[in-house]
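Down below is the structure, laid out as structure tokens.
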Amino acid sequence: MLSTAANFKSRAYHLGYMGLLPLIIGTGLAMVDVQTNTAITAIHSYAAVILTFIGAIHWGRAMQVNDMTLLNLSIWPSLIAWFSLLVSPVYGLPLLIACYLTVFAFDYREYAYAELDWFRRLRTQLTFVVCTLLAISWFYA
């Protein structure tokens, strides 16, 4: 039986990878020219929602440690995600990629302590796949 901590990490990995499915399916549909515009719109929207979720992680962390700077920074991913939806995917997808990479760089530094090393590895893997899929989708936009 896995320990509670190991079980939690395992579940986080599984849920993180499951969260990639809409992007994988959408990118695949765009690549085979099946409802490409609909697929790109769905990818764009889902990526914006997930970026908002990542910002919410920072909001929760800021509340936990009473960090005003982190609290102020936590709102930016959702605002950028929202703005990306106001423009064409041709402009919105690279904006999302840039924001994902910026937030990743911040997370990588912010969560450098040993007990969250697993989270850094997960974020590295997920961010790489998300940005790759968004870049491929941008090509088809």
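Numbers given in the numbering used here equal positions in the sequence shown, counted from 1, plus 1386. Cβ coordinates follow ideal geometry from the N, Cα and C atoms, glycine included.
- Task: Return the residue from the list Gly1414, Ile1436, Val1476 that minimises the CA-CA distance to Gly1405.
- Result: Ile1436
- Message: Need the endpoints of the alpha helix (DSSP H) that Val1476 sits in, please.
- Response: 1475 to 1496
- Item | Between the CA atoms of Gln1421 and Ser1474 - distance to the nearest angstrom | 17 Å
- Straight-line CA distance for Gly1414 to Leu1519? 9 Å
- Task: Starting from Gly1446, follow the alpha helix (DSSP H) in both directions and report where the run begins and ends.
- Result: 1422 to 1451
- Query: From Val1515 to Ala1467, what distance separates their C-alpha atoms?
  - Reply: 18 Å
- Message: Tell me the rounded alpha-carbon separation between Tyr1549 and Thr1390.
- Response: Any property of residue 1549 remains undetermined from this structure, which presents the chain solely from 1387 to 1527.
- Message: Residues in the same chain with beta-carbon distance under 8 Å from Thr1510, minus the five sequence neighbours each way, listed in chain order, please.
- Response: Phe1490, Tyr1494
- Determine the contact status of Leu1512 and Gly1402, defining contact as a CB-CB distance below 7 Å. yes
- Sorted by chain position, which residues of the same chain lie with C-beta nearer than 7 Å to Pro1480's C-beta, five sequence neighbours on each side aside? Trp1524
- Message: If you reduce the DSSP assignment to three classes, tell me which class Ser1389 lands in.
- Response: coil
- Message: Please state the DSSP three-state secondary structure of Val1418.
- Response: coil
- Task: Determine the extent of the alpha helix (DSSP H) in which Leu1459 is found, giving its start and end residues.
- Result: 1454 to 1460
- Nearest-angstrom Cα separation, counted from Gly1478 out to Ala1416: 16 Å
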